[in-house]
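Below is one structure; the comments refer to it alone.
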Amino acid sequence: MATTTASATTTSPKLWAPGDWNALFGFGTNILVNLLVLTGLLQFVLKMPTELIYGRILPALGLMMALSTGYYAWLAWKLAKETGRDDVCALPSGISVPHMFVVTFVIMLPIATMTGDPIKGWEAGLVWVFFQSFILMIGGFIAPYIRKITPRAALLGTLAGVSIAFISMRPALEIFLTPAIGLVCLAIILVSWFGGIRYPRGIPAGLVAIAFGLVIAWGSSLVGLDVGGLSLAKLGAAFSNFGFSLPVPAFDHVFSGFTYLGIILVTAIPFGIYDLVEAMDNVESAEAAGDHYPTTQVLTADGVVSLIGCLLGNPFINAVYIGHPGWKAMGGRIGYSAATGLIVIVLCWFGIVALLLALIPIVAISPILLYIGMLIGAQAFQTTPTSHAPAIVLAVTPHLAAWAKVQIDGALGAAGTNAAAVGIDKMANMGVLYHGLEVMGGGAILSGLVLGAIAVFVIEKQFMQAAGFAAAGAVLTYFGLMHGEAIGIGKGLGVTPSISLGYAMVAGFLWYCGKSLAAESGAKTMTTEPRAKLEPAE
């Protein structure tokens, strides 16, 4: 035993394993998709100047991600050295996908539209990340206590909700919009990563899928079928963005964004807490897969690298990703994380993202994201007691509500209207309970966690603990952190006091159930107390 301990502390872990190739292409293509989507939002939605996108934002983002992935590779190396294990997998990290859309459509786009200046929108986004960074750093010290009192089914259940609604649904829809590419690439991914089939010479399944997608897309383009939406004209135009740009300080732009502080804080605080809980869930997910990482260090690192990126001009926050069990199952260990960060620096500092945006059909990458969504959704059920399955389903429902609301809002926005103009009552008469989606889906990750925890403790007949989470739900809802995305008191600021009252009543009911059960148990113990027995004579 002593020999094992000594080798664990003196042997340096391998920085690269054969499975890191699979994880690199899988995780790397995941990051690539996010980079392509993010660049598209900046260029086509926010109408930002290309020199700002490729000369300021992407270089800062590349440095932030390299710092993040490098740090998590070091944490994995440290864990492997301390434990002597060779199966430790680094936490995946990158741009927070939900927040990528939130900061674009809730912060930057409205301010850019209001001022007529996309630069002002960019500056507001920087301030938004500035505040979220500090929330993560401070919250890192309380997150371990939250993990200790919260059931795993609640933590992983709300994570499964994010996975199903916001990770799996979009790529699944994209696959069936372009099935000639999407379904073929999905089959390539599934037979390798679920079915165990190895491709010739050990070529990673992610690379095989992208290669087939490229062949189908460009082959169809050459014969005039246009499957995948690629063209030589778009590819040629992308070369104009080549160049070399290093990140430079953007302190003046950060402080200029403080003009819009009132608008920013309304969403920055609740979404900062969202990031806190999401990161905590993802650390729990990694632990369920066998790798224990210190929650405080993870959250503090996210906050620090996000702040560095923000001060250099990146308006997108860093986050630990869901998906650790997936990359670990592929054979990913330490090297895939650091290698991904180095590749992102090259893509962002040399303007190569624009070229890739015109070269690769996005639908060829979508099956990889769907695979990760499938794996994370399944993990919630596989690593918790089967009796807790109903609690996981309950934890998922707020995310389904949030996803449905996003779809409805997007459809109405495309038609030049909104739910209020159409009429909430009219929508309800047609079976679309928009207001129900709005209040249930608001702050979904916290709502899912609280509802899941209540259900787990009820299943286990631990009614006092269930009452505690219901009371927490009442407080969080009253201040707008659940069932609403606005901080404040009173209906005027968008919180829902009636739902808060409902949680308070549930807390009282559960407390009464706990007291009754305790009294009944005590009475039963007294009546069944065994009588003293006489010792037999010697």
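Be aware that the sequence shown starts at 25, since it is given in my numbering, and climbs by one per residue.
Glycine included, each C-beta is placed from N, C-alpha and C at the ideal position.
Next on the checklist: Quick check on glycine 267: does DSSP put it in helix, strand or coil?
Outcome noted: Numbered from its first residue, the sequence shown carries residue 267 at position 243. Coil, per DSSP.
Checklist entry - How big is the Cα-Cα spacing for valine 368 and alanine 90? => result As a working mapping, residue 368 is identified with position 344 in the sequence shown. As a working mapping, residue 90 is identified with position 66 in the sequence shown. Approximately 7 Å between the Cα atoms of the pair.
Next on the checklist: Less than 7 Å between C-beta atoms, sequence neighbours within five positions excluded: which residues of the same chain meet that for methionine 398?
Outcome noted: What you label residue 398 is simply residue 374 of the sequence shown in a count that begins at 1. Contacts found: Ser192.
Next on the checklist: Quick check for students: name the residue ranges of the alpha helix (DSSP H) that lie wholly in the segment 406-459, counting only runs of 4 or more.
Outcome noted: 413-438, 443-446, 448-453
Checklist entry - Among Val329, Lys485, Ile143, His348, which residue has its Cα nearest to the Cα of glutamine 156? => result Taking the sequence shown and counting its residues from 1, the one referred to as residue 156 is at position 132. Glutamine 156 has its Cα closest to that of Val329, out of Val329, Lys485, Ile143, His348.
Item to check | At least three beta-carbon pairs within less than 8 Å, the segment 82-97 to the segment 143-156 | outcome: no
Checklist entry - Near proline 422, what residues of its chain come up, given a Cβ to Cβ distance below 6 Å and the 5 sequence neighbours on each side ignored? => result The residue you call residue 422 lines up with position 398 of the sequence shown. Once the five neighbours on either side are set aside, the close Cβ partners of proline 422 are Met464, Gly465, Ala468, Ser471, Gly472.
Checklist entry - Which ranges would you report for the alpha helix (DSSP H) in the segment 178-233 if only whole runs of at least 4 residues count? => result 193-201, 203-217
Checklist entry - Candidates His277, Val322, Ser361: which alpha carbon is nearest proline 339's? => result Position 315 of the sequence shown, counted from the start, is the residue given in the question as residue 339. Minimum Cα distance to proline 339 is reached at His277.
Checklist entry - Per DSSP, what kind of secondary structure is glycine 253 in: helix, strand or coil? => result Residue mapping note: residue 253 aligns to position 229 of the sequence shown, counting from 1. Coil at glycine 253, not helix or strand.
Next on the checklist: Just checking methionine 398 against the ligand MG - is the residue's beta carbon closer than 6 Å to any of the ligand's heavy atoms?
Outcome noted: No copy of the ligand MG appears in this structure; indeed no ligand is present at all.
Checklist entry - What do you get for proline 116, buried or exposed, if any count of 16 or more other CB atoms within 10 angstroms of its CB means buried? => result On the sequence shown, position 92 is the one that residue 116 refers to. With 16 or more other Cβ atoms within 10 Å, it is buried.
Checklist entry - Are the beta-carbon atoms belonging to alanine 388 and alanine 262 less than 7 Å from one another? => result Within the sequence shown, the letter at position 364 stands for residue 388. Within the sequence shown, the letter at position 238 stands for residue 262. Contact flag unset, no.
Checklist entry - With distances taken between CB atoms, is the gap from cysteine 337 to glycine 267 smaller than 7 Å? => result Counted from its first residue, the sequence shown places residue 337 at position 313. Counted from its first residue, the sequence shown places residue 267 at position 243. Cysteine is not the amino acid found at residue 337; the sequence shown has glycine there. No, Cβ-Cβ distance for glycine 337 and glycine 267 is not below 7 Å.
Checklist entry - What residue does the alpha helix (DSSP H) around glycine 467 start on, and which one ends it? => result Start at 1 with the first residue of the sequence shown, and residue 467 comes out as number 443. It is not in any alpha helix (DSSP H) - glycine 467 carries neither H nor E in the DSSP assignment.
Checklist entry - Which residues in the same chain as leucine 394 place their Cβ atom closer than 6 Å to its Cβ, once the five residues preceding and following it in sequence are excluded? => result Within the sequence shown, numbered from 1, the residue matching residue 394 stands at position 370. Contacts found: Ser192, Pro195, Ala196.
Item to check | Top-ranked residue by Cα proximity to alanine 353, from Ser36, Lys38, Phe200, Phe51 | outcome: By 1-based counting over the sequence shown, the position of residue 353 is 329. It is Phe51 whose Cα lies nearest to the Cα of alanine 353.
Item to check | For threonine 29, the three-state DSSP class (helix, strand or coil) | outcome: As a working mapping, residue 29 is identified with position 5 in the sequence shown. Here threonine 29 scores only 41 on pLDDT, less than 50, and its place in the model is too uncertain to base an answer on.
Checklist entry - If you scan the segment 108-178 from start to end, which runs of the alpha helix (DSSP H) of 4 or more residues do you find wholly inside it? => result 121-126, 133-139, 142-163, 167-173
Item to check | Same chain, Cβ closer than 6 Å to alanine 477, five either side skipped, listed in chain order | outcome: Translated into positions along the sequence shown, residue 477 becomes position 453. Closer than 6 Å at the Cβ level, and outside the excluded window around alanine 477, lie Thr174, Pro175, Ala178, Phe493.
Checklist entry - Per DSSP, valine 247 is paired with what? => result By one-based count along the sequence shown, residue 247 stands at place 223. Partner(s): none; valine 247 has no beta bridge.
Checklist entry - Between the beta-carbon of serine 361 and the beta-carbon of tyrosine 96, is there less than 7 Å? => result On the sequence shown, residue 361 is found 337 positions in, with the first residue counted as 1. On the sequence shown, residue 96 is found 72 positions in, with the first residue counted as 1. It is a contact, given that the beta carbons lie within the stated cut-off.
Checklist entry - For the beta strand (DSSP E) that contains asparagine 342, what are its first and last residues? => result By one-based count along the sequence shown, residue 342 stands at place 318. Asparagine 342 -> beta strand (DSSP E) spans 342-344.
Checklist entry - With distances taken from CA atoms, which of Ser36, Ile432, Ala479 is nearest leucine 457? => result Counted from its first residue, the sequence shown places residue 457 at position 433. With distances taken between Cα atoms, leucine 457 lies closest to Ile432.
Checklist entry - Which residues in the same chain as methionine 304 place their Cβ atom closer than 8 Å to its Cβ, once the five residues preceding and following it in sequence are excluded? => result Here residue 304 is taken as the residue at index 280 of the sequence shown, counted from 1. Result list for methionine 304: Ala167, Ile170, Arg171, Leu179, Thr319, Leu323, in chain order.
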